[in-house]
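Here's the structure, in structure tokens; my notes come after.
Residue numbers (the numbering used here): 627 to 909.
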């Protein structure tokens with residue numbers, strides 16, 4: 627089973643996670659820029675963070691045979707902090723970088739006017755830089771948030787097929803299914819979706835434009851729940867090809883629209899972890 631996790635926050639994970647993921651069949655990941663758990667107080671904090679997403683983290687992933695890509699954006703939660711607004715002016719520098727395969731996460735947290743402006747502005751950047759967009763849907767009042775997100779996407783002029791609407795569930799899948807957007811589902815131990823619930827959604831709606839991710843972050847989450855979902859699909863009667871489509875080919879097709887997805891020579895990647903510390907370039 628080959629797995630591409632299209633939404634996982636590896637900054638918050640340990641090297642043990644990379645080792646376990648590689649052993650479970652995870653060959654590639656996309657890490658979206660997100661909130662780090664406490665307010666960032668300056669643009670410089672974002673610059674350092676973005677630099678780590680396109681530099682250090684791909685290097686760290688490569689130590690364990692995993693190919694790492696990123697999406698870059700001002701996340702919805704911090705769009706409400708005026709101290710963070712100048713970040714929007716820094717984004718074009720990063721949206722031209724190799725390994726940046728979409729603008730994201732963008733969308734809504736509390737559905738405020740500040741989030742409206744950041745969302746619309748970053749969709750415009752996605753169009754200008756010819757990149758797909760990864761849309762975060764809010765944890766509260768999700769159905770209204772999805773409806774509002776789809777309205778903003780429609781107003782932006784971006785092609786729906788270049789938009790991934792993430793963190794969906796049984797209620798919101800119906801809102802997105804016929805829009806032409808891609809559909810993302812986060813599998814969590816307690817909240818969001820579970821492997822059995824995901825299997826039922828796939829039974830009802832099929833595998834086309836469906837992406838499954840772990841969205842693993844600082845909270846209680848599990849980077850191996852993509853694998854668990856694939857195993858649940860097989861037990862439910864889905865074929866190996868169905869599993870490969872959901873866990874590999876769909877994310878490859880979506881992010882491949884960026885023209886920057888690099889999955890070459892994956893079979894030649896081998897772990898280079900040695901001793902009690904990872905290899906440090908030049909030292």
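Quick reminder that beta carbons are idealized off the backbone N, C-alpha and C, glycines included. Just so you know, these numbers come straight off a predicted model, no measurement behind them.
- Query: Quick one: Cα of residue 640 to Cα of residue 646, how far?
  - Reply: 10 angstroms
- Message: As a quick exercise: from 677, 730, 683 and 679, pick the residue whose alpha carbon is nearest that of residue 702.
- Response: 730
- Flag this pair as touching only if the region 845-862 and the region 715-728 have three or more C-beta atom pairs under 8 angstroms; answer yes or no. no
- Would you mind sorting residue 833 into buried or exposed? The rule is 16 or more other CB atoms within 10 Å of its CB. buried
- Hey, how far is the Cα of residue 751 from the Cα of residue 758? 10 angstroms
- Query: Measuring CB to CB, does residue 653 end up less than 9 angstroms from residue 686?
  - Reply: no
- Identify which residue in 837, 853 and 725 has its Cα closest to the Cα of residue 890. 725
- Message: With DSSP as the reference, identify every bridge partner of residue 813, one or two as the case may be.
- Response: 818 and 819
- Query: Where DSSP assigns a beta bridge to residue 667, which residues make up the other side?
  - Reply: Paired residue(s): none; residue 667 is not in a bridge.
- Task: Report buried or exposed for residue 797, applying the criterion of at least 16 other Cβ atoms within 10 angstroms of its Cβ.
- Result: exposed
- Straight-line CA distance for residue 753 to residue 856? 33 angstroms
- Query: Who are the near neighbours of residue 883 in its chain, counting only those whose CB is closer than 7 angstroms to its CB and skipping five residues on each side?
  - Reply: 758 and 788
- Query: When the Cα of residue 684 is compared with those of 699, 636 and 859, which residue comes out closest?
  - Reply: 636
- Whole angstroms is fine: what's the gap from residue 866's alpha carbon to residue 671's? 43 angstroms
- Could you check the C-alpha separation between residue 689 and residue 739 for me, to the nearest Å? 42 angstroms
- Please report the Cβ distance between residue 568 and residue 656, rounded to the nearest whole angstrom; I am assuming they are in contact, meaning their Cβ atoms lie under 8 angstroms. Outside the displayed span of the chain (627 to 909) sits residue 568, for which this structure offers no information.
- Can you name the residues that DSSP bridges to residue 791? 761 and 809
- In angstroms, rounded to a whole number, what distance separates the CA positions of residue 809 and residue 709? 32 angstroms
- Task: With a floor of 4 residues, list each alpha helix (DSSP H) that falls wholly inside the region 830-874, ordered by position along the chain.
- Result: 851-861 and 866-870
- Task: Measure how close the beta-carbons of residue 744 and residue 700 come, nearest whole angstrom, since I'm counting them as under 8 angstroms.
- Result: 6 angstroms
- Task: Per DSSP, which residues does residue 657 bridge with? Please list them.
- Result: 696
- Query: Should residue 806 be labelled buried (16 or more other beta-carbon atoms within 10 Å of its own) or exposed?
  - Reply: exposed
- Query: Quick one: Cα of residue 742 to Cα of residue 706, how far?
  - Reply: 10 angstroms
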